[in-house]
Structures are given as C-alpha cells and as structure tokens.
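The structure under discussion appears below in the form of structure tokens.
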C-alpha cells in the first residue's frame, strides 16, 4: 500500500488520544530541515494541560505502524511543540519502488454517485463562444476527467450539434460527445401546455413560444433558502427550451453503462441517486435557474439535487470585451509561433511537426490560464506577448518550460545510453536510498509526490449533500501544485548537475579513446538524482495536459523541442 499524508496524520492524531486534530504537515524548507510534522505547543497544552506529553504517548508515536503510515524516525519536544521526523531513506525507497501508484488518484472501493454534467455554452457555435463560456467549458471538461478518474459515472450534456463545435473542441483537447438523436419532447410539451399561464394584455409571443409558466410558487418554496433569484417569476416556454429539458431528462432516465469504466448504474438507481451539475458562466445563471424550476414543474421525476457551478467573469486587460474563444486561441497560437521564431531565428510555419507542438502548447497555455483561478472568481487575462514568457514563475509557460527541461534530460540520457556512454539504469531495488539527502530532493518528494493522490481526490470532490444551490470546484489546486513543483524542481535543477560526465565521455573529449568505444565499467551518472527525477517527471505532464500516457518513455517529444 502506498504511503499517504492523510493516513499518517490520522495515525498521529489518534496516538494523542481523544480530541480534535493537532498535527500538521510542514511545507517550508526551513522547517523541513529539522522536522516533517509538528504538533503545536499551544494545541498540546490545551489537550494535556501544562504537563508535558506523556512519555508513553511519545513512544507510541515513534513506533507507529499501519496501512499508509510513513515510518517514524524520531519524535521529541521542542519550543515549537512536538516535532516529528520520518525515516526519509525508507520513505524514498517505498515511494520510488512503486512510483506509478503516486501519480494516480485514490480509487474508492465502490463507485461514487452518478453525475450529469451540463454545460449550456456548448449549445452554440464556436464563433459565438465568449471567454466566460470557454472558461465554463474547460472547467466542465476538467471536472469530468477528475470524476472519471475516481470511478464516478458521468454523463455529459448536451451532445454537441453545431457542425463546427466538434472541430474546435478537438483543437482544445476537450473530450465531449457529439450529435445524438433528439430526445422526445411530447410529454413535456403536454405538461407545459397544461401549466401555461393565460397571456396578459394580449401579450404577443415570439415564434416558437408556447406561452409562459408561472414559477413564483416554486421560488417561494425552494428558492429563498437555497439561493434562487427571488426575482424569478415566470418562464417563457419554447420548443428549444423543451428540447433542452428533454435531453437532461433522458440523461437521468436512461443512464447508459459507462463503457470506458465498465460501470453500470445500480438496478434500483432512480432520479434521487443522481446529481445534476450545471456548469454555467455568470451571464447564463439566471436563465439556468429558470430551467431548473421549469424542470421540477414539468417532470415529477426530475432530480432533487441540482447544483450550479457558476464561473466568474473573464476580463481582458487592454482588449475589447468582445474577444471570442476562437480569436483568443488564434492569438495565443500566434504568440507561441512568434516566440519560437524569435528563439530559433526562422519561421517554422511550414513544418507540420513543429506546428502540432505549437498547437499543444497553445492549448496548454489557455487551459492553465482558465483553470489557475478558482472558477467562481473573476479572471483577468493579460494578452501581451510577455504573458507567455518563461521569466515569471506563476504561469503555465513556466511549468511547460520545466517540463521541457525534464524531457530534454531524459532524452539526453536515452541517446547517450544507446551510444554506450551511459549504462542502462539499474533496478530501483538496487539503489542506495541513503544517498538521497539533498534538501531539494526531500522538498520534491514530501511536498509534491506524497500529497499528490490526495490533491487529485480533492479536485474531484463535489459537495453532493451540501445545502444551497451553488457549489464550487477546486480546479486551481492542480495549477498551484504545478507551479510550486516547477519552482522546487527548477531550484534543484539549477543547483545539481543531474547527468554527470562518464569517464568514457571525458576520454572522448580529450582524445584518449579516439575512435575506440568501450563500455563503461559502472554507472558514472548521478543515479540518485536521475532516479528522483524519474519520480517527478510525469507529474507536471499528467496533471493538466492529459498526455501522461507518453510519460512512460524517457523522452517526451512535445516538450523536448522547447529547451
């Protein structure tokens, strides 16, 4: 079983006896030089009074064992509180011996609840897609991937019908279902006609409208305590609106087996076991609230749990507010191409391989920008060329630059190994993990690798039973993680020469070996550093670009070319 931060904290708190949680994990480098976990002095005084922590408790903590609990080296009282340090070489060995387990989320023993993810922005065409709607699309796609990884059965609505939208979504690496058969609307139409409010003052109805349905009663019943707008009074029922409801209704009633996960809905699963999450831009929320209430009005089997994940507005510095999603993509793509041409001194527009790389980089930049701020908060975009510079440390470009460093490192090792300049990498079980004593190595493992599965679980956590209409998603957590990981790796990379120079390479450079090439007698590269880099290299990639399948090989072409 893999080691876990949450499991270790749980065992430490349990060892102190009854009471609330006391221990916390250290993250700052200056604290990690002397301890890994701390139980603050004041919290201990509140638990045990002015007396010291009983010796038996300290002994119990040092001897802690259990599933997922990291091995303890020492536990001692300090002025700050009870300080605990792990047996770091043993932790390195456990993690590096099963590294793949730490790049995946915790899979629950049983499938989670069924979730319908509804993104109304996908009913239009790409040219009409505003930046706030693009943000909602990317948040919905991110959430769908996170939920699927946790074995949650997910249905995506709507099926895309605009002929140009599938191409644009493919360009963005967004996986969303395309055209399906239209759901039947007859039952909803009959119910709507029965609920129509008589027209007031001979109100002229627009084409396709059936009439108005009065919603004030539902607002008074459900809205005031859950977050519905009290101004909601009625809803104009149209054929298009009934088609939207019919598609949502069908997604709930005819829950298909999820072939990709091999999961089927439980035989007794009804509408009450399903949660509908409407991922909407702030401009669309009012209309979506009408749709929710209308669904309840017209369908007795409508899910009781409908939640709104509202994405805040997107403001563009120094640009008109009418910038569309395709225009935004083209701008970022042009900036990536321009930056590469300046760096390499030539235009690569005719090179298909390079252009594919530029498309990947453009999409990664856009996704990082859109997801790095909490969805419910306002997002301010800077569109200047400098916004894709690698000089800052808070952008997606900085993360990608460090991906490029990693890919170049592994490509260099692979090529040198094939030429006989380096030996093949030894089995992990044969490595001496006591060599991993650099401060930067522990920072990377303890702050990035160990918490990574828990972080992935948090990104897929939806407050299903929380009261109220609105919910939030923590998409920014992955982006912040990637930035911090990149900063820690960059510092380590700049300080430590990971690939050493073998004796054979020195001989070739000095003319001693000439044309004769002899196989080195032993590993002349820094095994400890390369092994640790093996551990961290897949994390920046698999977390946000969806291309982690390529991490199993030493070189990742999409990023190698950036270096």
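In the working numbering, the protein residues as written are 336 to 898. Every residue gets a Cβ at the ideal spot worked out from N, C-alpha and C, and that includes glycine. Just so we're clear, the structure is a prediction, and the values are computed from it rather than from any experiment.
- Using a C-beta cut-off of 8 Å, the segment 656-673 makes contact with the segment 698-717, since at least three inter-stretch Cβ pairs fall below that distance.
- Here the alpha carbon of residue 431 sits roughly 21 Å from the alpha carbon of residue 819.
- By the Cβ test, the segment 476-491 is not in contact with the segment 633-641, since fewer than three Cβ pairs between them sit closer than 8 Å.
- If you compare the alpha carbons of 646, 812 and 564 with that of residue 466, the shortest gap goes to 646.
- Residue 781 and residue 342 have their C-alpha atoms some 14 Å from each other.
- Annotation: the continuous alpha helix (DSSP H) that includes residue 664 extends over 660-679.
- For residue 610, DSSP records a beta bridge to 450 and 640.
- Spanning the alpha carbons of residue 624 and residue 618 requires a straight line of approximately 12 Å.
- Non-local C-beta neighbours of residue 504 in its own chain, meaning closer than 6 Å and more than five positions away in sequence, comprise 511, ordered along the chain.
- For the beta strand (DSSP E) assignment, the uninterrupted runs of no fewer than 3 residues enclosed by the segment 499-578 are, from N- to C-terminal side, 544-549 and 569-573.
- Listed in chain order, the non-local C-beta contacts of residue 422 below 6 Å within the same chain comprise 406 and 408, local neighbours out to five positions each way being set aside.
- Between the alpha carbons of residue 391 and residue 399 lies a distance of about 12 Å.
- Residue pairing of residue 413 in beta bridges, as defined by DSSP: 416.
- Per the coordinates, the alpha-carbon of residue 653 lies some 56 Å from the alpha-carbon of residue 412.
- The DSSP-derived three-state label of residue 421 is strand.
- According to the DSSP assignment, residue 374 belongs to the beta strand (DSSP E) that extends over 372-375.
- Under the three-state reduction of DSSP output, residue 830 falls in the helix class.
- Distances from the CA of residue 814 to each of 507, 787, 460 and 554 were compared; the closest alpha carbon is that of 787.
- Cβ-Cβ distances below 7 Å link residue 497 to 459 and 460 in the same chain, with the five nearest sequence neighbours on each side left out; the list follows chain order.
- Residue 359 sits in a strand when the DSSP states are folded into three classes.
- Residue 489 is bridged by DSSP to 450.
- When C-beta atoms of the segment 566-580 are compared with those of the segment 540-552, three or more pairs fall below 8 Å, so the two segments count as touching.
- The beta-bridge partner set that DSSP reports for residue 632 is empty.
- Fewer than three pairs of CB atoms, one per stretch, sit closer than 8 Å, so the segment 819-830 makes no contact with the segment 793-808.
- DSSP, read as helix, strand or coil, puts residue 809 in coil.
- In the DSSP annotation of this structure, the continuous segment of the beta strand (DSSP E) that includes residue 649 starts and ends at 649-652.
- Contact between the segment 514-522 and the segment 574-582 is present, with at least three C-beta pairs closer than 8 Å.
- Under the three-state reduction of DSSP output, residue 744 falls in the helix class.
- Taking C-alpha positions only, residue 794 is separated from residue 541 by approximately 43 Å.
- Residue range 714-717 is occupied by the beta strand (DSSP E) that includes residue 714.
- Judged by DSSP secondary structure, residue 483 falls within the alpha helix (DSSP H) whose first and last residues are 466-484.
- A residue is called buried once 16 or more other Cβ atoms fall within 10 Å of its Cβ, and residue 499, having fewer, is exposed.
- Here residue 616 has 467, 468, 471 and 646 as same chain residues with Cβ atoms under 6 Å from its own Cβ, once five neighbours each way along the sequence are excluded.
- When DSSP reads this structure, residue 646 sits in a beta bridge with 616.
- Judged by DSSP in its simplified three-state form, residue 457 adopts helix.
- Under the three-state reduction of DSSP, residue 351 is assigned to coil, being neither helix nor strand.
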